[in-house]
Amino acid sequence: MNAATELARRHRLRWWEALPWIASLACFFAFPNYLAFATQVLITILFALSLDLVLGYAGIVTLGHAAFFGAGAYTVGMLAMHLGWNEPFSGLLAAALVAGAIGLASGLVLLRTHGLALLMLTLCTMALLEQAANMGAAWTGGFDGMPGLSFSKILGLFGFDVLYYRSQYLYALAVLFVCFAIVRTLIYSSFGQSLTGIRENLLRMHAVGAPVRARQVLAYTISAALAGVAGALFTQANGYVSIQAVLGLERSAGIMIVLILGGYGRLYGAFVGAIVYMLLEHLLAKAYPTAWQLGLGVTLIAVALFARNGVIGMFDALRRRLDGPA
Amino acid sequence: MDLNSLISILLGGMAAGMVLFIVSVGLSVTMGLMGFVNLAHGGFAMLGGYAIVLSMKHWGLPFPAALAFGFFAVAGVSVVLERLLYAPLYRATELDQVLLTIGLAFVMIATVTLSVGPETQTVELPEWLRGQTDLGLLQYRTYSLVLILAGTALMIALWLGFERTRIGARIRAAVDNRRMAQSMGVDVGRLFTLTFAFGSGLAAIGGGLGAEILGLDPQYPFRYLAYFLIVVAVGGLGRISGVFFAAIVIGVLDFVLKIYFPKGGTLFIYALALILLLARPQGLFGKKGAQ
Chain A
1 MNAATELARR HRLRWWEALP WIASLACFFA FPNYLAFATQ VLITILFALS LDLVLGYAGI
61 VTLGHAAFFG AGAYTVGMLA MHLGWNEPFS GLLAAALVAG AIGLASGLVL LRTHGLALLM
121 LTLCTMALLE QAANMGAAWT GGFDGMPGLS FSKILGLFGF DVLYYRSQYL YALAVLFVCF
181 AIVRTLIYSS FGQSLTGIRE NLLRMHAVGA PVRARQVLAY TISAALAGVA GALFTQANGY
241 VSIQAVLGLE RSAGIMIVLI LGGYGRLYGA FVGAIVYMLL EHLLAKAYPT AWQLGLGVTL
301 IAVALFARNG VIGMFDALRR RLDGPA
Chain B
1001 MDLNSLISIL LGGMAAGMVL FIVSVGLSVT MGLMGFVNLA HGGFAMLGGY AIVLSMKHWG
1061 LPFPAALAFG FFAVAGVSVV LERLLYAPLY RATELDQVLL TIGLAFVMIA TVTLSVGPET
1121 QTVELPEWLR GQTDLGLLQY RTYSLVLILA GTALMIALWL GFERTRIGAR IRAAVDNRRM
1181 AQSMGVDVGR LFTLTFAFGS GLAAIGGGLG AEILGLDPQY PFRYLAYFLI VVAVGGLGRI
1241 SGVFFAAIVI GVLDFVLKIY FPKGGTLFIY ALALILLLAR PQGLFGKKGA Q
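Chains A and B, in that order, give the protein sequences. In case it helps, the numbering used here puts the first sequence at residues 1 to 326. In case it helps, the numbering used here puts the second sequence at residues 1001 to 1291.
Structure below.
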């Protein structure tokens, strides 16, 4: 197959792309007692997917992506707490709008810089929101956050149940599916191609006259909105929001680790990374928190030194080796 | 507000600023030299703090000897880590460097938690550093005054070494233009190893000296990471005097804000850093194009 036809066929749906969704539905019936955990995995996948758009595709290294997750989570939380706005879908929309607006505003000014300055600016933006959430206690609940939020029934039919997470799981799955479809379409559009171009060769993209800044800002804004949706899902599914849970450097670094473990710039990296990371965390972190941290650190070092493309990248390399030298 | 309280606030802020300076100065030079994003720098400060506190507690080392021990122990460890882990990633992407150093910081935190424990460590200051000193106008804590003197002396010594010695000239040349310096025969790799070790050693001393002010527990590396990075970014990469002034400004600001706005004082620091970096991405004291 020559390169042109391969490029043209890249966006076609392949048979195995249905597998994750079939598996997720199967999980619903197979593990009814683990749906609370599975819902958190779905939310993490969406969050990692949003990061993939900026980090993996646009090549923007950010330490502050939790800012948008937190913005979405707090938007839904404050709407429910102060305005009694409990309708889930419009809540998601509001969260996406608020997080997207913050992404647009910060992206417009932040993305003029690069390197250390950009890292610092993203970190400062998030720290700013974190402090704001801490300070505005009357609105945000301060350090304790907002516990015990309740949301109205999805489509007026399915209530959020706090114990079994049945509707939360299906709801999160549906939202993830829609968001994934959006991201997938974007990635394979000419917009996505130009993002990859910017990541791979900034100078050349400038030279061919691509609107580099505008593309980066747009990608940053869309990614922020998606992260906001993930944050909103978190608040709705769990019925609470707190600084510890949704903001902070740990959260930002954590989601980066999830994406890197799975493999960035490759759509399904977010899925693999979130599942692997969350499972390991679930099994190890509670019982052996320090050993978990040690293992995480060693893994990160190993990934940085040897396996830059994550778990999927390792399988790719293995397959190439098995296929023999081309 | 009367003059006395103004002076005492300034002194308190400056003492904190000196700790920030001693910890951050190495980070500034190594980041400027190699463009290496080292998020584990706070980890070296923490390791140093532990080495200093524990060697005093268990071996009965006097404070100055413990500081020297911390310096050499951490400098030694950092040479090994630099050769093994940092060197392969000099030309790698920022992302790889961020991952490596976050991972390294995790390992340091876990190692300290496992071997020493999660509780906060306290420094037993020697008799001559405790108590108050009469400054004429007011009485002030001796330790803070010593910190200010030590920080200023270090700043002058570093500045002289940087501006007036051959090795300093090499470092400056390599920070400004690595390739050019290399083609003039400067072994930038070895220079970096040396600077890295020296900078980590200084961070270790900063960790020990600052344990009184910043505290010392396994969460140290990430808790203060943003502060160290802000100091470096505002001061400008590889500018020793820039880091010095930036550290003092941030130390004093933080001190004042924590007194008058105890709940959200840090908000202003982040906002200020944000505005400043947007206006001057190369830092307040950095040269244009050095980024």
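Just so it is clear, CB atoms sit at the ideal spot from N, CA and C, and this is done for glycine as well.
Contact set between D1096 of chain B and chain A, taken where Cβ atoms lie within less than 9 Å: V303, A304, L305 and R308
Can you list, in chain order, the residues of its chain whose CB lies under 7 Å from that of S1144 of chain B, leaving out five sequence neighbours each side? Cβ within range, chain order: L1011, G1012 and A1015.
Interface residues of chain B facing R210 of chain A [CB-CB closer than 8 Å]: It is worth fixing the name first, because residue 210 of chain A is Ala in this sequence and not Arg. Chain B residues near A210 of chain A: none, gap ~21 Å exceeds 8 Å.
Residues that G1103 of chain B contacts on chain A, provided the C-beta gap is smaller than 9 Å: I257, L296, G297, V298, T299, L300, I301, A302, V303 and A304
Which residue or residues does DSSP assign as beta-bridge partners of I154 of chain A? A:F158
So who's on the other strand from Q1282 of chain B, going by DSSP bridges? According to DSSP, which records beta bridges pairwise, Q1282 of chain B is partnered with nothing at all.
Are at least three pairs of beta-carbons, each pair with one atom in the stretch 1027-1041 of chain B and one in the stretch 109-127 of chain A, less than 8 Å apart? yes
Please report the straight-line C-alpha distance between R1280 of chain B and L46 of chain A, rounded to a whole angstrom. Taking the CA atoms as reference points, R1280 of chain B sits about 35 Å from L46 of chain A.
What are the residues that DSSP puts in a beta bridge with Y1140 of chain B? B:T1133
Report the three-state DSSP secondary structure of A326 of chain A (helix, strand or coil). With a pLDDT of only 45 at A326 of chain A, under 50, the local geometry of the prediction cannot be trusted, and the value read off the model is given with reservation. In the structure shown, A326 of chain A sits in coil (DSSP, three-state: anything other than H, G, I, E or B).
Exposed or buried, G1289 of chain B, counting other C-beta atoms within 10 Å across all chains shown (16 or more means buried)? At G1289 of chain B, the pLDDT of 49 sits below 50, so the modelled position is not reliable; the number obtained from the coordinates is stated separately. Classification of G1289 of chain B: exposed, given that the 10 Å Cβ count is below 16.
Run down chain A in chain order and give the residues with a C-beta less than 7 Å from the C-beta of I1109 of chain B. Q293
Helix, strand or coil: which one does DSSP assign to G1289 of chain B? Here G1289 of chain B scores only 49 on pLDDT, less than 50, and its place in the model should not be relied on; the value that follows carries that caveat. In the structure shown, G1289 of chain B sits in coil (DSSP, three-state: anything other than H, G, I, E or B).
Are three or more beta carbon pairs between the stretch 221-234 of chain A and the stretch 1192-1205 of chain B nearer than 8 Å? In short, these stretches do not touch, since the Cβ pair count stays below three.
Taking Cβ positions, are Q193 of chain A and A58 of chain A nearer each other than 9 Å? Taking 9 Å as the Cβ cut-off, Q193 of chain A and A58 of chain A do not qualify as a contacting pair.
Enumerated in chain order, which unbroken segments of the alpha helix (DSSP H) with a length of 4 residues or greater are wholly contained in the stretch 2-45 of chain A? 3-9 and 19-30, all fully within the stretch 2-45 of chain A.
Consider the Cβ of Q1121 of chain B: report whether some Cβ of chain A lies at a distance smaller than 9 Å. Taking Cβ atoms only, chain A never reaches closer than 9 Å to Q1121 of chain B, which makes this a no.
Within 9 Å (strictly less), CB to CB, does I1250 of chain B reach chain A? no
Here's the rule I'm using: 16 or more other beta-carbon atoms within 10 Å means buried, otherwise exposed. How should D1217 of chain B be labelled? buried
Counting only Cβ-Cβ distances shorter than 8 Å, please list the residues of the stretch 224-255 of chain A near chain B, keeping chain order. Listed by position, the residues of the stretch 224-255 of chain A near chain B (Cβ gap below 8 Å) are L249, E250 and A253.
Take R1178 of chain B as the anchor and find which of B:T1111, B:G1210 and B:F1192 has the nearest alpha-carbon. B:F1192
Please report the straight-line C-alpha distance between G209 of chain A and L203 of chain A, rounded to a whole angstrom. 10 Å
Quick check on the DSSP output: the alpha helix (DSSP H) that includes L228 of chain A runs from which residue to which? One point to set straight first is that residue 228 of chain A is Gly, not Leu, in the sequence displayed. That run of the alpha helix (DSSP H) goes V212 to N238.
Under 7 Å, CB to CB, which of the residues in the stretch 93-124 of chain A have a partner in chain B? V109, T113, G115, L116, A117, L119, M120, L121, L123 and C124
Per the DSSP calculation, M146 of chain A is bridged to which residue(s)? M146 of chain A pairs with A:V241.
With 9 Å set as the bound, which would you pick, yes or no: does the beta-carbon of T290 of chain A sit closer than that to a beta-carbon of chain B? yes
Tell me, to the nearest whole angstrom, how far the beta carbon of F191 of chain A is from that of N86 of chain A; I am working on the premise that it is less than 8 Å. Their Cβ separation, rounded to whole angstroms, is 35 Å, which puts F191 of chain A and N86 of chain A out of contact at 8 Å.
Would you mind sorting Y264 of chain A into buried or exposed? The rule is 16 or more other CB atoms within 10 Å of its CB. The residue is buried, with at least 16 neighbouring Cβ atoms inside 10 Å.
Three or more C-beta pairs under 8 Å: does that hold for the stretch 1083-1091 of chain B against the stretch 238-250 of chain A? no
When Cβ atoms are compared, which residues of the stretch 1024-1040 of chain B fall closer than 9 Å to chain A? Those residues of the stretch 1024-1040 of chain B that come within reach of chain A (Cβ to Cβ, closer than 9 Å) are M1031, G1035, V1037 and L1039.
Would you say the stretch 1242-1249 of chain B touches the stretch 1019-1027 of chain B, given that touching needs at least three Cβ pairs under 8 Å? yes
Which value, in whole angstroms, describes the spacing of the CA atoms of L249 of chain A and G1206 of chain B? 23 Å
For chain B, check one thing: does any of its Cβ atoms lie closer than 9 Å to the Cβ of A48 of chain A? no
Checking 9 Å against the spacing of the C-beta atoms, do A1092 of chain B and G1070 of chain B come in under that value? no
Against P1088 of chain B, what residues of chain A qualify as contacts under a CB-to-CB distance less than 8 Å, listed in chain order? L305
Run down chain B in chain order and give the residues with a C-beta less than 7 Å from the C-beta of L128 of chain A. L1267, Y1270, A1271 and L1274
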